[in-house]
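K.L.:
According to the numbering used here, the first sequence is numbered sequentially starting from -8. Yeah, the Cβ is synthetic: ideal placement off N, Cα and C, and Gly gets one too. Quick caveat: nothing in here was measured; it's all calculated off a predicted structure. This structure is in structure tokens; I'll ask about it shortly.
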Amino acid sequence: MLEVINNITIDDIRKNNLVNKEVILRGWVWNVRSSGKIKFIVLRDGTGFIQLVVEKNNVDNAVLEIAEKLTQESVIEVRGIVVENSRLKFDKNKSNFNVVFIGYEMIVKDLKLLYKTQDYPITPKEHGIDFLLDNRHLWIRSSKQFAILRIRNTIKNSIREFLNKEGFIEFDSPILTPSACEGTTTLFEIDYFGDKMYLSQSGQLYVEAGALAFNKVYCFGPTFRAEKSKTRRHLMEFWMVEPEIAFATLDDIIDIAQNMISYIVSKVLENNLYELLILERDISKLENIKLPFYRITYKEAVELLHSKGHEFEFGQDFGAPEETIISEAFDKPIIITHYPKSIKPFYMKLDENREFVLNMDILAPEGYGEIVGGSQREDDYDLLLMRMKEENIPLKEYQWYLDLRKYGSVKHAGFGLGIERTVSWICKLDHVRQAIPFPRMLYRYYP
RNA sequence: UCCAGCGUAGCUCAGGAGGUAGAGCAGGUGCCUGUUAAGCACCGGGUCGCAGGUUCGAGUCCUGCCGCUGGAGCCA
């Protein structure tokens, strides 16, 4: 008598050898095709996709009747034998509805209908982005979204793993803040029992306090920016990891940042080949992400733009076209350092001649642009005060921040890495809105 | 916020020299034992974004508004 394995997922079938084992799966009907007395059901259970085969001569009439009436997203419990099937190998030239079958299928013995779904809105056909975003709560069931969000999970886990190994502690910065961390950008205002508070646009100033208390810290969470920007690289709510290290210089955080990015990519390649295949990602581009990355100064980047025939005024900040030109010129992430102080915030440490700052941006390759921004921080009380006055920063609200330069100030540095942009690059998405479960965009926040 | 484009069936779109709508998919009913966004046959499905205007007549032309998409600025 064959033992039936219950409590199993499609992921288990993919990872363990369960050929010729009888198993029970529960999941949602993805698609049904039939050819007379044989029916093919594609099942998804949240961990993957598998084809079920219902043959007339193999099952009771009752089972056949259920199989005949299945609709998309109906819920079933199915018992059957796992078999290998070479016909189900992924073929790039044949669209598989973007489902990658796993080399196995299940010959069904029994089938129970647990929930009958009717008129599921997302059909196996093209849909417009407006419709899909309105149905984001259902769209996340689709194969590509499934793949992207599983890769996002790997990326977040790998970041925590990496920082833990490096001796960091997670230090939570507040989301409600009494003042702006970066004076320039717009903030979401909150009524806090009659006072004005803001949703945090960066945990950086708080992790600086953390670094002087715990040496190596990072915060990891959502941040909010009320910028009226409407591009493929912007969300109003996005996730950022911000490591900050005491006694560190610009060079030190460049090392940490590129090691971290390289670790993230290696973990995705280790854990998510299936998902990358669903996304039809060119894996060789990711395998190429090896240390060290390219490193140039702002000055050299401007020269590069000029050599490409691009008009650009020295002293301006790089916009989307510049970032794209620069990042397309390299096959690995590119680190740009020493920007002019006039285009960077007050807390960045000045270099010797006080013209440039000790900062770095990291641009992802393939035209993806900035994913990391960081700097060594100004640790001298008087210089910081001078910079704050120059930029009209309200000193009263930042007294606590100045205090950090008054009581045991040390050189320190840190950076922020944007999660959605990183996901977007690794998955080669055309927009960051697909890199987060429920994107918050300008004028679009449903569901 | 600025520039450009688009709003027709549940979805993706066609019609667009003004004469009151059409295809695929999805849904329904059949046929087919290896399909793979299967195929074939038949069926049901529409205040053509909203408001006004021109006209005998507007999905089609004009004006305004609303919604969405793409791009720019700002940034991660």
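Reducing DSSP to helix, strand and coil, say where VAL348 ends up.
P.N.:
Residue state, collapsed to three classes: strand.
K.L.:
Classify LYS147 as helix, strand or coil using the three-state DSSP reduction.
P.N.:
If DSSP states are grouped into helix, strand and coil, LYS147 belongs with the helices.
K.L.:
Go through the segment 159 to 238 residue by residue and report every complete run of the alpha helix (DSSP H) that reaches 4 residues or more, in order.
P.N.:
Listed in chain order, they are 195 to 205.
K.L.:
Contact defined as beta carbons within less than 8 Å: I believe ILE274 pairs with ILE146. What is the distance between those atoms, to the nearest angstrom?
P.N.:
Between ILE146 and ILE274 the Cβ distance is about 16 Å, and since that is not below 8 Å, they are no contact.
K.L.:
Taking the C-alpha atoms as reference points, what is the distance between VAL363 and LEU395?
P.N.:
Going from the Cα of VAL363 to the Cα of LEU395 covers about 24 Å.
K.L.:
Output the distance between the C-alpha atoms of PRO428 and PRO283, rounded to the nearest integer angstrom.
P.N.:
Rounded to the nearest angstrom, the two C-alpha atoms are 32 Å apart.
K.L.:
Given 8 Å as the limit, tell me if LEU349 has its C-beta closer than that to any heavy atom belonging to the ligand MN.
P.N.:
Inclusion of the ligand MN in the displayed structure is not the case, the ligand content being empty and no account of it being possible.
K.L.:
For SER366, which of helix, strand or coil comes out of DSSP?
P.N.:
Strand at SER366.
K.L.:
Measure the alpha-carbon distance for GLU234 versus ILE247 and round it to whole angstroms.
P.N.:
Reading off the sequence, residue 234 comes out as Pro, not Glu. Between PRO234 and ILE247, the C-alpha separation is close to 9 Å.
K.L.:
What does DSSP give as the partner residues of GLU13 in its beta bridges?
P.N.:
Paired residues: VAL(-5) and ILE72.
K.L.:
Any idea which residues DSSP pairs TYR437 with across the strands?
P.N.:
Looking at the DSSP assignment, TYR437 forms no beta bridge with any residue, so it has no partner.
K.L.:
How about LYS276 and PRO385: are their beta carbons less than 9 Å apart?
P.N.:
Taking 9 Å as the Cβ cut-off, LYS276 and PRO385 do not qualify as a contacting pair.
K.L.:
Pull the bridge partners of THR288 from the DSSP assignment, please.
P.N.:
Paired residue(s): THR328.
K.L.:
Tell me whether ASN22 sits in a helix, a strand or coil according to DSSP, three-state version.
P.N.:
In this structure, ASN22 counts as strand in the three-state DSSP scheme.
K.L.:
By a C-beta neighbour count over all protein chains shown, 10 Å radius and 16 as the cutoff for buried, is GLU313 buried or exposed?
P.N.:
Buried, because 16 or more other Cβ atoms sit within 10 Å of the Cβ of GLU313.
K.L.:
Going by the CB atoms, is the gap between LEU226 and PRO430 shorter than 9 Å?
P.N.:
The answer is yes: Cβ separation under 9 Å.
K.L.:
Might you give, ordered along the chain, the residues of its own chain that have their beta carbon closer than 8 Å to the beta carbon of ILE317, omitting 5 neighbours on each side?
P.N.:
Once the five neighbours on either side are set aside, the close Cβ partners of ILE317 are ALA292, LEU295, LEU296, PHE309, ILE325, ILE327 and LEU354.
K.L.:
Count the other CB atoms, across all protein chains shown, that sit within 10 Å of the CB of LEU102; report buried if there are 16 or more and exposed otherwise.
P.N.:
Buried is the call here.
K.L.:
Going by Cα to Cα distance, which pick from LEU267, GLU96, PRO165 and LEU129 is closest to VAL73?
P.N.:
Ranking LEU267, GLU96, PRO165 and LEU129 by Cα distance to VAL73 puts GLU96 first.
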